[in-house]
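Colleague: Reading the sequence shown from the start, the letters are residues 39 to 607 in this note's numbering. Even for Gly, the Cβ is constructed at its ideal location relative to N, Cα and C. It should be emphasised that the depicted structure is a prediction, and the values quoted were computed from it without experimental measurement.
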Amino acid sequence: MADKKLRSQAWFGKKGRDGFIYRAWMKNQGIPDDEFGKPVIGICNTWSELTPCNAHFRELAESVKKGVLQAGGFPLEFPVMSLGESLMKPTTMLYRNLASMDVEETIRANPLDAVVLMCGCDKTTPSLIMGAASVDLPTIVISGGAMLTGRYKGKKLATSDLWRIVDKATLGEIEDEEIREMESCFGRSRGHCMVMGTASTMAVMTESLGMSLPTNAAIPAADSRRKVLAQMTGRRIVDMVAEDIKVSDVLTREAFENAIVVNAATGGSSNFVVHLLAIAGRVGVDLDLKDFDKIGSKVPLLTNLQPAGEHYMEDFYYAGGLPVVIKELTHLLKETPTINGKSIIENSANSENYDKNVLADFEKPFQENAGIVVVYGNLCERGGVIKPAAASEELLVHSGKAVVFEDIEDYHARVNTPELEIDETSVMVLKNAGPKGYPGMAEVGNMALPKKLLEKGIKDVVRVSDGRMSGTAYGTTVLHVAPESASGGILAIVENGDEIILDVPNRTLRLNVDDAEIKRRLENWEAPDLGVKRGYTKLYLENVNQADKGADMDFLRGKTVNLKLRESH
Ligand code: FES
Numbered sequence: 039m040a041d042k043k044l045r046s047q048a049w050f051g052k053k054g055r056d057g058f059i060y061r062a063w064m065k066n067q068g069i070p071d072d073e074f075g076k077p078v079i080g081i082c083n084t085w086s087e088l089t090p091c092n093a094h095f096r097e098l099a100e101s102v103k104k105g106v107l108q109a110g111g112f113p114l115e116f117p118v119m120s121l122g123e124s125l126m127k128p129t130t131m132l133y134r135n136l137a138s139m140d141v142e143e144t145i146r147a148n149p150l151d152a153v154v155l156m157c158g159c160d161k162t163t164p165s166l167i168m169g170a171a172s173v174d175l176p177t178i179v180i181s182g183g184a185m186l187t188g189r190y191k192g193k194k195l196a197t198s199d200l201w202r203i204v205d206k207a208t209l210g211e212i213e214d215e216e217i218r219e220m221e222s223c224f225g226r227s228r229g230h231c232m233v234m235g236t237a238s239t240m241a242v243m244t245e246s247l248g249m250s251l252p253t254n255a256a257i258p259a260a261d262s263r264r265k266v267l268a269q270m271t272g273r274r275i276v277d278m279v280a281e282d283i284k285v286s287d288v289l290t291r292e293a294f295e296n297a298i299v300v301n302a303a304t305g306g307s308s309n310f311v312v313h314l315l316a317i318a319g320r321v322g323v324d325l326d327l328k329d330f331d332k333i334g335s336k337v338p339l340l341t342n343l344q345p346a347g348e349h350y351m352e353d354f355y356y357a358g359g360l361p362v363v364i365k366e367l368t369h370l371l372k373e374t375p376t377i378n379g380k381s382i383i384e385n386s387a388n389s390e391n392y393d394k395n396v397l398a399d400f401e402k403p404f405q406e407n408a409g410i411v412v413v414y415g416n417l418c419e420r421g422g423v424i425k426p427a428a429a430s431e432e433l434l435v436h437s438g439k440a441v442v443f444e445d446i447e448d449y450h451a452r453v454n455t456p457e458l459e460i461d462e463t464s465v466m467v468l469k470n471a472g473p474k475g476y477p478g479m480a481e482v483g484n485m486a487l488p489k490k491l492l493e494k495g496i497k498d499v500v501r502v503s504d505g506r507m508s509g510t511a512y513g514t515t516v517l518h519v520a521p522e523s524a525s526g527g528i529l530a531i532v533e534n535g536d537e538i539i540l541d542v543p544n545r546t547l548r549l550n551v552d553d554a555e556i557k558r559r560l561e562n563w564e565a566p567d568l569g570v571k572r573g574y575t576k577l578y579l580e581n582v583n584q585a586d587k588g589a590d591m592d593f594l595r596g597k598t599v600n601l602k603l604r605e606s607h
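What follows is the structure, given as structure tokens:
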């Protein structure tokens, strides 16, 4: 470290008045003078009691600090905007880019040599990686881990059950009192959602990109080994400063390709697509929506985890965790470097599968062709995504009459009315749920089925929208339709009764209306006025990209280098 010029020395190594100011105010925290020549490790914490999935992060940060101190670093913890999926309105996705700006500017503005990102609930992972990638210092992610599986009256209970509970409540088969009791049995430990929803998908993405230590994806939040990993993360980040391993050294095009393969094999959330595209945009890697289909759609499913399968995140860890899956996929993966200096393949070489009900061998997968498929057609000229692993096979080739909801409020107002004309062949269409239309691209694309279909025992119909779907949900749902309806995409002019044709094997989604009629309707279409005149949402609406570009904001793509560290005193 002796010959390494630390970035933090531009503050703490100064002489005279400036050095006095930089050090003296820090010393009010009881910091000894000899700390100021050590590598400064920022611990970027998304702790918040409004983000229950990350509510244990103050304690976890102490483990990171211990590791940093053991390795001779100087840890400094700082808060950033936290995004709690279960509470924030209209949707955390509206704020993902804002949180990434907070992370980026806080890191860049301060005397940090490296950063540990503390990520958990869905958007806290992509926002932190996006922000850190735009600064490009040595960086490691430590995830918070998933909750233990809930238990209710002797049965397992997890996030994916929520959708079934909602259907039962719609049919009047379950009372409010029972739901309250279930809630207590559901949230019985610290951590994020306990299925392969978006938070776990992001933890898998992080490990498969090489941005965390091996096993990070699956250790439960309540398991003491999560604290051990946090401590090892603290030790490792100090070494990374000396080795000068930056985000851009790890996040190469090959690393993104690996993440797509691993996401497919683990049945990861469709939200993976927008987040990976956004992260790639920050590091300048040329990743395209078509890559997800080309690289991932033929990959088999190797995990038997909810929502696509039966088991839960803690079972994933007990079975051997992500290194087992990576080892099975070795022949499909690139030998990319990770933050510990070894390749992703070296890191998984000694893994063992302890439960073949949970993790499959490559030759005997739980399902063939599990990855995300991208469809194109006049209804989604810039693409739409569908996750066949969460869909009904018999609906993957389907044509039916559109039942259109103009926005989510229209859906809620009419979905359970007797007048709604719908049957099992219908295609439910939701407009104005995209990046601009909602705004923020909400997780409403998996509209719950109308009561009249549930009463007939119908469990799934084709659904099409420009919104997203919760990673814990399932259904034959085409999502992320681009261009979205609020931007004048053809989705905007679909009318009740129009025929929609979905053909997943041939990768098409079409509105069967002739071009002249489409043109006529588009000429009469008016963009919705959301009435947003000020603030962050105005900035967002003016700059947000469509889903096929990751819904990042144009001016945030790439990274800022060589910013002058001007003195302000
Ligand atoms: Fe935080 Fe599901 S609500 S991960």
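(1) When you get a sec, list the residues whose CB is within less than 5 Å of any heavy atom of the ligand FES, chain order please.
(2) Which value, in whole angstroms, describes the spacing of the CA atoms of L45 and N342?
(3) In the structure shown, what three-state DSSP assignment does H450 receive?
(4) By the three-class DSSP mapping on this structure, what secondary structure does S503 have?
(5) Could you compute how far the alpha carbon of M156 sits from the alpha carbon of A99?
(6) Of all the options G596, I298 and V173, which has the alpha carbon lying nearest to the alpha carbon of A322?
(7) Suppose you measure from the CA of G110 to the CA of V570; what does that come to, to the nearest Å?
(8) What runs of the alpha helix (DSSP H), each 4 residues or longer, lie entirely inside the region 567 to 594?
(9) Can you tell me the Cα-Cα spacing of E213 and R226, whole angstroms?
(10) With three or more C-beta pairs closer than 8 Å as the rule, is the region 277 to 289 touching the region 356 to 365?
(11) What residues are listed by DSSP as bridge partners for G80?
(12) Output the distance between the C-alpha atoms of A40 and S246, rounded to the nearest integer angstrom.
(13) Any idea if H230 is buried or exposed, counting beta-carbon neighbours within 10 angstroms, 16 or more meaning buried?
(14) For I69, does the three-state DSSP call read helix, strand or coil?
(15) Run through the region 387 to 462 for me and flag every whole alpha helix (DSSP H) of 4 or more residues, listed as ranges in chain order.
(16) Determine the burial state of P338: buried for a count of at least 16 other Cβ atoms within 10 Å of its Cβ, exposed for fewer.
(17) Beta strand (DSSP E) containing S181: first to last residue?
(18) In this structure, how does DSSP classify H369 when only helix, strand and coil are distinguished?
(19) Please report the distance separating the alpha-carbon of T510 from that of G306.
(20) Can you tell which of N416, L315, N544 and M243 has the C-alpha that lies nearest to the C-alpha of T376?
(21) List the DSSP bridge partners of A184.
(22) Report all residues from its chain with a CB closer than 7 Å to the CB of A530; omit the five preceding and five following residues, and keep chain order.
(23) Within the same chain, show all residues whose beta-carbon is closer than 6 Å to that of T236, passing over the 5 residues directly before and after it, in chain order.
(24) If you pair each beta-carbon of the region 170 to 188 with each one of the region 253 to 261, do three or more pairs fall below 8 Å?
(25) Which value, in whole angstroms, describes the spacing of the CA atoms of M126 and E432?
(26) Drop a sphere of 10 angstroms on the beta-carbon of D592, count the other beta-carbons inside from all chains shown, and report buried for 16 or more, exposed for fewer.
(27) I'd like to know whether the C-beta of N544 is nearer than 8 Å to at least one C-beta of chain B.
Modeller: Let me spell this out:
(1) Working through the chain, the matches are C91, E123, S124, C159, H230, C231 and A237.
(2) Position 7 of the sequence shown, counted from the start, is the residue given in the question as residue 45. Position 304 of the sequence shown, counted from the start, is the residue given in the question as residue 342. The amino acid at residue 45 is misidentified as Leu; the sequence shows Arg. One C-alpha to the other measures close to 45 Å.
(3) In the sequence shown, the residue the question calls residue 450 occupies position 412. In the structure shown, H450 sits in a helix (DSSP, three-state: H, G or I).
(4) What you label residue 503 is simply residue 465 of the sequence shown in a count that begins at 1. The DSSP-derived three-state label of S503 is strand.
(5) On the sequence shown, residue 156 is found 118 positions in, with the first residue counted as 1. On the sequence shown, residue 99 is found 61 positions in, with the first residue counted as 1. Roughly 8 Å between the two C-alpha positions.
(6) Along the sequence shown, one-based indexing puts residue 322 at 284. Note that residue 322 corresponds to Gly in the displayed sequence, not to Ala. The residue with the shortest Cα to Cα distance from G322 is G596.
(7) Residue numbering aside, residue 110 sits at position 72 when the sequence shown is read from its first letter. Residue numbering aside, residue 570 sits at position 532 when the sequence shown is read from its first letter. Per the coordinates, the alpha-carbon of G110 lies some 49 Å from the alpha-carbon of V570.
(8) Counting only runs of 4 or more, we get 573 to 581.
(9) As a first step, residue 213 is located in the sequence shown; it is residue number 175 there, counting from the start. As a first step, residue 226 is located in the sequence shown; it is residue number 188 there, counting from the start. For E213 and R226, the gap between their C-alpha atoms comes out near 21 Å.
(10) The region 356 to 365 vs the region 277 to 289: no contact.
(11) The residue you call residue 80 lines up with position 42 of the sequence shown. L114 and V153, per the DSSP bridge assignment.
(12) Here residue 40 refers to the residue found at position 2 of the sequence shown. Here residue 246 refers to the residue found at position 208 of the sequence shown. Residue confidence is low: A40 scores 49 on pLDDT, short of 50, so the model does not pin down where it sits. No coordinate-derived value is stated.
(13) In the sequence shown, the residue the question calls residue 230 occupies position 192. Counting Cβ neighbours within 10 Å, H230 comes out buried, since at least 16 surround it.
(14) Walking along the sequence shown from the start, residue 69 turns up at place 31. In the three-state reduction of the DSSP assignment, I69 falls in the coil class.
(15) Qualifying alpha helix (DSSP H) stretches, in chain order: 446 to 452.
(16) Within the sequence shown, numbered from 1, the residue matching residue 338 stands at position 300. Here P338 is buried, its C-beta having at least 16 other C-beta atoms within 10 Å.
(17) The residue given as residue 181 occupies position 143 in the sequence shown. From DSSP, the beta strand (DSSP E) with S181 extends over T177 to S181.
(18) For the purposes of this step, residue 369 is taken as the residue at position 331 of the sequence shown. In this structure, H369 counts as helix in the three-state DSSP scheme.
(19) Here residue 510 refers to the residue found at position 472 when the sequence shown is read from its first residue. Here residue 306 refers to the residue found at position 268 when the sequence shown is read from its first residue. Cα to Cα, the separation comes out at about 9 Å.
(20) On the sequence shown, position 338 is the one that residue 376 refers to. The residue with the shortest Cα to Cα distance from T376 is M243.
(21) As a first step, residue 184 must be located in the sequence shown, where it is residue number 146. A184 is bridged to H230.
(22) If you number the sequence shown from 1, residue 530 lands on position 492. Once the five neighbours on either side are set aside, the close Cβ partners of A530 are K469, S523 and W563.
(23) Locating residue 236 in the sequence shown gives position 198, counting from the first residue. For T236, where only same-chain residues beyond five positions count, the Cβ hits under 6 Å are D160, S307, N309 and G509.
(24) In the pairwise beta carbon analysis, the region 170 to 188 is classified as touching the region 253 to 261: at least three pairs are separated by under 8 Å.
(25) The residue you call residue 126 lines up with position 88 of the sequence shown. The residue you call residue 432 lines up with position 394 of the sequence shown. Their backbone Cα atoms lie some 36 Å apart in a straight line.
(26) Here residue 592 corresponds to residue number 554 of the sequence shown, with the count starting at 1. Sixteen is the threshold: since fewer than 16 other Cβ atoms of the shown chains lie within 10 Å of the Cβ of D592, the residue is exposed.
(27) No chain B appears in this structure, which consists of one protein chain only.
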